[in-house]
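Student: Please find one structure pasted underneath; my questions will follow.
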Amino acid sequence: MFKRTVIAASLVAATLASAQSMAAVVGGGATLPEPLYNGNATWEGILPSGFSYTGVGSGGGKTAFLTNAPASINQPAGTNVDFAGSDSVLSASELSTYNSTRAAAWGKLVQVPAVGTSVTIPYHRNGVSNLQVNATQLCGVFSGSIATWGALLGNGDTTPIKVIYRAGSSGTTELLARFLNDSCPTAFSVSSTFTSANVGAEPSTWQAVAGSADVVNAVNATDGAIGYVSPDFVDTANNAQVARVSKLATGTAVLPTVDQAQIALGSATAPSADRANPASWAVTFGRGATDKPVPTTGYPIVGYTNLLVGQCYKDAADATAVRGFLDDLYSGNHDLAIGIHSFVPVPPAFAAEVKKAFISNAGNEGLDIGNSNVCNGIGRS
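What the sequence shown shows, in mature numbering (1 follows the signal peptide of the UniProt record, and there is no 0), is residues -23 to -1, 1 to 358, in sequence order.
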């Protein structure tokens, strides 16, 4: 629905130009960016040759990467997990456990935003083609306090609202939960699991599904349904209706176009201190102490999907391949593909700081991937 119109040849050329080593670099995790990484029936993905990515959800990706557990991303035993995608940021507990149990042998981990994203609200109600909602209304819908379409639209429609939500740990859920927690903290907490984020009980008529594509399929199949999903899963191919959203009751409700998401995401800045701490590079929007305020201009349900990589790899080819991919990503070589897939590139100034810290070591911080002084004899296998 929101794809930019360009010729496919331009994207293919940009993708081929970025191809790196043929090393077997294995990753997985969030389904939100899966079509961007792997491509789909229409567009090429941005991962270089020799990379693989399996979408299972952010929780599975984090587990796989933090503990080298290939089964968590549906890979066979003995496979080394080289990277992960997660819209759910690493928690203090996850970082502490990794540092105490893995860092000595594997080296530091790196968490950086890959692309900005909106969380779209697909819905299916016969006869409703221009749904406009604000944060308070979405709080009611996803908590169950607004139970019918009439209560949402202000008319006599008694059709029940059926929420389609993600089962298990999902970064898309966490992005939505941060937005809802900002407006209704007594109804929603911040969690990557919907049943934990929603303070109340979910009605028995609601439906839990596995992945992003399943959300759209379930919404399309059910009159009265509403869900949440990344923008790359809603387009004219699957006929999904998408709501216009505003943060404030008096605000202008807008569609989750690339331009509107970019307006909302424009405040992201790289850390100037504590740069060795992966948490410092996470950009979140909400009411938390380290969050940026939820945007009041542009499309308000936004955030970043992150890449998790290691600083050290025992296989030098893996380290070279990972560095090459990140260099391409943060040099703007994939911006065309990112826009076509309805995502937003990391702001140029932020991207430059990622390269400075983790690729070029221009600031002599010693954080760069494959640093021979730091990675002497250690690394992810």
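Note that CB positions come from ideal geometry on N, CA and C, so glycine has one too.
With a threshold of 16 other CB atoms inside 10 Å of the CB of VAL176, please say whether the residue is buried or exposed.
Tutor: exposed
Student: Tell me where the beta strand (DSSP E) around ALA185 begins and ends.
Tutor: 184 to 186
Student: Mark THR40 as exposed unless 16 or more other C-beta atoms lie within 10 angstroms of its C-beta, in which case mark it buried.
Tutor: buried
Student: With DSSP run on the structure shown, which of helix, strand or coil describes GLY93?
Tutor: strand
Student: When you compare the CB positions of VAL222 and ASN111, do they come within less than 9 Å of one another, or not?
Tutor: yes
Student: Give me, in chain order, the residues of the same chain whose beta-carbon lies closer than 6 Å to that of GLY347; leave out the 5 immediate sequence neighbours on both sides.
Tutor: ALA296
Student: Name the residue from ASP134, GLY93 and THR172 whose alpha carbon lies nearest to the alpha carbon of ILE315.
Tutor: GLY93
Student: Less than 9 Å between the beta carbons of ASP64 and LEU152, yes or no?
Tutor: yes
Student: Please classify PRO322: does DSSP put it in a helix, a strand, or coil?
Tutor: strand
Student: Report the partner residues of ILE141 according to the DSSP bridge assignment.
Tutor: GLN184
Student: Note the first and the last residue of the continuous alpha helix (DSSP H) segment covering THR113.
Tutor: Counting along the chain, the alpha helix (DSSP H) containing THR113 begins and ends at 112 to 120.
Student: Go ahead and label GLY84 buried or exposed: buried means 16 or more other beta carbons lie within 10 angstroms of its beta carbon, across all protein chains shown.
Tutor: buried
Student: Can you tell me whether ASP251 is buried or exposed, with buried defined as 16 or more other CB within 10 angstroms of its CB?
Tutor: exposed
Student: Please determine if the stretch 161 to 168 and the stretch 219 to 236 are in contact, where contact requires at least 3 C-beta pairs separated by less than 8 Å.
Tutor: no
Student: Give the straight-line distance between the Cα atoms of ALA256 and THR282, rounded to the nearest whole angstrom.
Tutor: 14 Å
Student: Is the stretch 303 to 313 touching the stretch 189 to 204 in the sense that three or more CB pairs, one from each, lie closer than 8 Å?
Tutor: no
Student: Report the residue from ALA241, ASN17, VAL58 and ILE203 whose alpha carbon sits nearest the alpha carbon of PHE28.
Tutor: Residue nearest to PHE28 within the set ALA241, ASN17, VAL58 and ILE203 is VAL58 (criterion: CA-CA distance).
Student: PRO233: buried (16+ other C-beta within 10 angstroms of its C-beta) or exposed?
Tutor: buried
Student: I'd like the list of long-range same chain contacts for PRO90, defined as Cβ closer than 6 Å, with 5 residues on each side in sequence excluded.
Tutor: VAL260, TYR281, ASN283 and VAL323
Student: Quick one: what's got a C-beta closer than 6 Å to PRO10's C-beta in the same chain, skipping five residues either side?
Tutor: GLY62 and THR282
Student: Report the residue from SER349, ASP304 and ILE355 whose alpha carbon sits nearest the alpha carbon of GLU330.
Tutor: ASP304
Student: Any idea what DSSP makes of SER70, helix, strand or coil?
Tutor: helix
Student: Where does THR136 fall in DSSP's three states?
Tutor: coil
Student: Which stretch, first to last residue, makes up the alpha helix (DSSP H) that contains PRO25?
Tutor: First-last for PRO25: undefined, no H or E at that position.
Student: Could you name the residues of the same chain whose beta carbon sits closer than 7 Å to that of SER160, not counting the 5 residues immediately before and after it, in chain order?
Tutor: ALA112, THR113 and CYS116
Student: Quick one: Cα of PRO208 to Cα of GLY354, how far?
Tutor: Here the C-alpha atom of PRO208 lies approximately 42 Å from the C-alpha atom of GLY354.
Student: Do VAL211 and ALA241 have their beta-carbon atoms positioned less than 9 Å apart in this structure?
Tutor: no
Student: At which residues does the alpha helix (DSSP H) containing ARG221 begin and terminate?
Tutor: First-last for ARG221: 221 to 223, but that is the beta strand (DSSP E), not the alpha helix (DSSP H).
Student: Roughly how many angstroms separate the alpha carbons of GLN109 and PHE42, rounded to a whole number?
Tutor: Cα to Cα, GLN109 sits roughly 39 Å from PHE42.
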